[in-house]
Structure formats: structure tokens, C-alpha cells
Amino acid sequence: MIGSDLESKSYSATNDLIEMKNAQHNSKINVVVETGGGGGNIDNKRFIDFTKVQRHKVIDGTVSTLMNLGHRHIFRQITFLQVWLII
96 MIGSDLESKS YSATNDLIEM KNAQHNSKIN VVVETGGGGG NIDNKRFIDF
146 TKVQRHKVID GTVSTLMNLG HRHIFRQITF LQVWLII
């Protein structure tokens, strides 16, 4: 999920994450979101730092950070092509 200026100006990515948090969940499905490429300060609504590339698991109405890759270009091949498994 690329935050871009749509996140910093109107919380577009945050609103999508809130929608995912509020969705019905199935124990057989893992929802993992990679975020980055945006701006905006963490505040009473924005709970993800979009200036860093991070991976989060969305489950039971919460978003838990699994991995923080720091400040890097989200489309770099090494970042984009990493393969990993969540059990």
C-alpha cells in the first residue's frame, strides 16, 4: 500500500487500513499489508508511519507490525521480491 500524498493530505491509506480492521475475518485467511511511500505524522487517526516500509498483519480488529524495513524505496527489487511466510 503506497501512501503517497493522498495519505498525507486525506488519510486515504489509513482509511483503507481501518476498513480492513473492521472487516469480518476468517481464521483461515492471513491479511498482510506492506506500507510505505507516503508521509504525514502519526496522530489520533493515522497509526502507521508511511515514511518507512513496514509489514503488518490485520487480524481481529487490530494491525500488528511484523517487520520494519526502515526508510527505503518501496519498489526496490530486494524489497518487493522478498518471499516470507506467516504462520
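Per the working numbering, the sequence shown starts with residue 96, numbered consecutively.
Just so you know, even glycine gets a beta-carbon here, dropped at the ideal spot from N, CA and C.
Element boundaries [beta strand (DSSP E), containing residue i]
i	result
residue 116	Element bounds for residue 116: not the beta strand (DSSP E) but the alpha helix (DSSP H), 107-117.
residue 132	126-133
residue 160	157-165
residue 150	148-154
Among the options, nearest to residue i - alpha-carbon criterion
i	options	result
residue 133	102, 165, 166, 107	102
residue 162	118, 137, 125, 149	149
Reduced DSSP category for residue i - H, G, I as helix; E, B as strand; rest coil
i	result
residue 104	helix
residue 122	coil
residue 145	coil
Status (buried if at least 16 other CB within 10 Å, exposed otherwise) for residue i
i	result
residue 144	buried
residue 167	exposed
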